[in-house]
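Enquirer:
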Amino acid sequence: MKHLLTRRTIRKYTQEPVSDELLNRLMNEAARTQTMGNLQLYSVVVTRSDEMKAKLAPAHFNQPMVKQAPVVLTICADFNRTSTWAKCRKAEPGYDNFLSFINAATDALLYTQTLCNLMDEEGLGYCYLGTTVYQPQQIIDVLQLPKLVMPVATLTVGWPDEEPALSDRLPLESFVHQETYQDYLGADIDTYYNYKENLEENKNFVKINNKETLAQIFTDIRYTRKDNEAMSTTLLQTLVRQGFLPHNILLQKI
1 MKHLLTRRTI RKYTQEPVSD ELLNRLMNEA ARTQTMGNLQ LYSVVVTRSD EMKAKLAPAH
61 FNQPMVKQAP VVLTICADFN RTSTWAKCRK AEPGYDNFLS FINAATDALL YTQTLCNLMD
121 EEGLGYCYLG TTVYQPQQII DVLQLPKLVM PVATLTVGWP DEEPALSDRL PLESFVHQET
181 YQDYLGADID TYYNYKENLE ENKNFVKINN KETLAQIFTD IRYTRKDNEA MSTTLLQTLV
241 RQGFLPHNIL LQKI
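Going by full-length UniProt numbering, the residue at position 156 of the sequence shown is 156; the numbering climbs one at a time, nothing skipped.
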């Protein structure tokens, strides 16, 4: 993976098509990634038509690359296929529960990352859309996903038409713990976040938003408590509808 250290998020693409042959080869190669019980608990929905991309766009807050990219891939946690296989082979599946969702989601995200690495090596550009789990029911309806299938990741894919700067990353010592987890002191935070907070673009971002710190950009604007709680409720409701949680889960006190 010689391009890993120069990986960029690409949001602008040329109109050169991504061939079925190339995409299918990469998706097939990505299937060699780790998977629970060798069950491959994921499915990928490939969207190429302008009509279908337009239908998916609202679920991703109408980010332009959803319509502009030649290909949109929706990667789903899928226990439907495995459950159907079990039923067809005189076995009784027990995968309509939260643990099974976590296992399938882990499989799907591992597959997604491997596919991203393979696309990097081919020179393809992509953008990982975290919005997939914000309004999942819209995606489920558009893609006609059955129960026990849940969208967990989306990639817009195409040939790059931009070369953005590399995103900053925290230093190794900020996230690696030896033997046991060592909690963070204020002095640690000062050290680990110094570079990020003093990047000119981030300092400007704080200024134009009339905030005091970069952290406030995330807590007050980008990922607010209000939005997080509302979308958490939506996510739980969708998991109920898709059969991964019991119908009374929202009424229970934990």
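The beta-carbon is built from N, C-alpha and C at its ideal position, and this holds for glycine as well.
The structure displayed is predicted, hence computed values, not measured ones.
How about G158 and T6: do their beta carbons lie closer than 8 Å?
Expert: For the purposes of this step, residue 158 is taken as the residue at position 158 of the sequence shown. For the purposes of this step, residue 6 is taken as the residue at position 6 of the sequence shown. Cβ atoms of G158 and T6: not closer than 8 Å.
Enquirer: Specify, as a first and last residue, the run of the beta strand (DSSP E) that G125 falls within.
Expert: Position 125 of the sequence shown holds residue 125. It spans 125-129 - the beta strand (DSSP E) in which G125 sits, taken as one unbroken run.
Enquirer: Report the residue from F218, F79, Q68 whose alpha carbon sits nearest the alpha carbon of I10.
Expert: Stepping through the sequence shown from its first residue, residue 10 is reached at position 10. It is Q68 whose Cα lies nearest to the Cα of I10.
Enquirer: Tell me the DSSP secondary structure of Q237 in three-state form.
Expert: Within the sequence shown, numbered from 1, the residue matching residue 237 stands at position 237. Three-state DSSP puts Q237 in a helix.
Enquirer: How many whole angstroms separate the CB atoms of K2 and D161, which I take to be in contact at a CB cut-off of 8 Å?
Expert: As a position in the sequence shown, residue 2 is number 2, starting the count at 1. As a position in the sequence shown, residue 161 is number 161, starting the count at 1. That pair is no contact at about 22 Å.
Enquirer: For I254, which of helix, strand or coil comes out of DSSP?
Expert: Along the sequence shown, one-based indexing puts residue 254 at 254. Residue placement at I254 cannot be trusted, given a pLDDT of 48 that sits under 50; the coordinates are not used to answer.
Enquirer: Tell me whether S100 sits in a helix, a strand or coil according to DSSP, three-state version.
Expert: Within the sequence shown, numbered from 1, the residue matching residue 100 stands at position 100. Helix, per DSSP.
Enquirer: What separation, rounded to the nearest whole angstrom, lies between the Cα atoms of P70 and D190?
Expert: Taking the sequence shown and counting its residues from 1, one reaches residue 70 at position 70. Taking the sequence shown and counting its residues from 1, one reaches residue 190 at position 190. For P70 and D190, the distance between alpha carbons rounds to 42 Å.
Enquirer: Find the nearest neighbour of P136 within the set N117, V152, L148, W85, judged by alpha-carbon distance.
Expert: Looking up residue 136 in the sequence shown gives position 136. Comparing Cα-Cα distances from P136 to each of N117, V152, L148, W85, the minimum goes to V152.
Enquirer: For Y13, which residues does DSSP report across the bridge?
Expert: By 1-based counting over the sequence shown, the position of residue 13 is 13. Y13 is bridged to P160.
Enquirer: Considering only the beta carbon of each residue, do V18 and D78 sit closer than 8 Å?
Expert: In the sequence shown, counting from the first residue as 1, residue 18 sits at position 18. In the sequence shown, counting from the first residue as 1, residue 78 sits at position 78. Not closer than 8 Å, so no.
Enquirer: Enumerated in chain order, which unbroken segments of the beta strand (DSSP E) with a length of 3 residues or greater are wholly contained in the region 2-56?
Expert: 42-47
Enquirer: In angstroms, rounded to a whole number, what distance separates the CA positions of G94 and N198?
Expert: The count along the sequence shown starts at 1 and reaches residue 94 at position 94. The count along the sequence shown starts at 1 and reaches residue 198 at position 198. If you take the alpha carbons of G94 and N198, they lie about 51 Å apart.
Enquirer: Mind the definition here: the region 96-114 touches the region 233-253 only if three or more C-beta pairs lie below 8 Å; say whether that holds.
Expert: With a cut-off of 8 Å on Cβ pairs, the region 96-114 is in contact with the region 233-253, counting three or more such pairs.
Enquirer: Count the C-beta pairs between the region 141-148 and the region 121-128 that are closer than 8 Å, then say yes if the count reaches three, no if not.
Expert: no
Enquirer: Does DSSP put D183 in a helix, in a strand, or in coil?
Expert: Walking along the sequence shown from the start, residue 183 turns up at place 183. Three-state result, D183: coil.
Enquirer: Using 8 Å as the cut-off, can you tell me whether the region 224-242 makes contact with the region 105-124, which would need three or more C-beta pairs spanning the two stretches below that distance?
Expert: no
Enquirer: Suppose contacts are defined by Cβ-Cβ distances below 8 Å. Is V72 in contact with T132 by that definition?
Expert: In the sequence shown, the residue the question calls residue 72 occupies position 72. In the sequence shown, the residue the question calls residue 132 occupies position 132. Going by C-beta atoms, V72 is not nearer than 8 Å to T132.
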